[in-house]
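Here is the structure we will look at.
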Amino acid sequence: MKKYLALQGDDQIKKIGLVFGNGSHDRLLSRVAREKDGAEATKMLCALLLTAPSVPVIYQGEEIGMTDLPKKAVDRSTIPCPNARAPFQWDNKSNAGFTLALYPFLPVNENYHSVNCAVQSAKDDSPLCFYRKIIDFRRNSSALSEGNFADYSSGDVVAFTRETNEEALLVVVNTLARNLTYAVPAVLANRRAECLISSCALVGKTLHESIGLRPYEVRIYRFSRS
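Right, here's the structure in full:
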């Protein structure tokens, strides 16, 4: 992601498709996070994918935090790179609701009882509902659809602004599974802003000079235009 954001000076970046996964590579979630952190890490990846200046592409299963098949689950000599190709996990019924056949084309990931679309649709704080929230927000945001980009990242905190004449946003993302503190640059801290979206419960919504971030926490602030 940091290498991608380094391209921010190129006006063509808004037309580039940003892709985190496909059927030929291990799932990004399995590469960057432990399974116990899957839900929060999924929200983190969601925010990076859908707020960066690009055309986002969501690979099936990313929106619910699907992970790679265990290496022992399939014969890799017959199917190249099967890790990310497991059947989509619709619910906790047989074969994750993917098929009524006795066996699907690849084994269903054994975590489908808890990581599935039906379970997450019923939970407001689930990765799926967070995806829906960000997508809906992006659809109505001029800043995320066509706004200029400026990078304010520091260490393992990815932070950037997206701005148009109508709207200005600050996106702050903790990319690690531990608490971090982000020192907001003075040029941003001197502007009034309110947190509109967070992946964790907030005590206050006002932007301050320092932000304490929980593991994989995401915050999206909107600056006041006055």
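Letter 224 of the sequence shown, counting from 1, is numbered 211 in our numbering, and no numbers are missing.
By construction, the Cβ of each residue, glycine as well, lies at the ideal position given by its N, Cα and C atoms.
Review point. Relative to the C-alpha of Met53, which residue among Asn127, Leu36, Asn152 and Ser17 is closest?
Key: Ranking Asn127, Leu36, Asn152 and Ser17 by CA distance to the CA of Met53 puts Ser17 first.
Practice item. Could you tell me if Ser101 is buried or exposed, where buried requires 16 or more neighbouring beta carbons within 10 angstroms of its beta carbon? Key: Burial state of Ser101 is exposed, judged by a 10 Å Cβ sphere holding fewer than 16 other Cβ atoms.
Check your understanding: Mind checking whether the beta-carbon of Val158 lies closer than 8 Å to any heavy atom of the ligand FAD?
Key -> In terms of ligand content, the structure shown is empty, and the ligand FAD therefore cannot be addressed.
**Study point:** Where Gly4 falls, given that 16 or more other Cβ within 10 Å makes a residue buried
**Key:** Exposed, because fewer than 16 other Cβ atoms sit within 10 Å of the Cβ of Gly4.
Check your understanding: Excluding the five sequence neighbours on either side, which residues of its own chain have a C-beta within less than 8 Å of the C-beta of Ser141, listed in chain order?
Key -> Excluding sequence neighbours, Ser141 sits near Tyr169 and Ala170.
**Study point:** Residues that Arg149 bridges to, as DSSP identifies them
**Key:** Listed as beta-bridge partners of Arg149 by DSSP are Phe136 and Leu156.
Check your understanding: Looking at the unbroken alpha helix (DSSP H) that takes in Pro114, where does it start and where does it end?
Key -> For Pro114, the enclosing alpha helix (DSSP H) covers residues Pro114 to Arg126.
**Study point:** Neighbourhood of Asp78 by C-beta distance below 6 Å, restricted to the same chain and skipping five residues each side
**Key:** Counting only Cβ-Cβ distances below 6 Å, and skipping sequence neighbours, we find Gly84, Asn103 and Ala105.
**Study point:** Burial state of Tyr118, where buried means 16 or more other Cβ atoms lie within 10 Å
**Key:** Tyr118 is buried by the Cβ-count criterion.
Exercise for review: With DSSP collapsed to three states, give me the class of Asn96.
Suggested key: The answer is coil: DSSP assigns Asn96 none of H, G, I, E or B.
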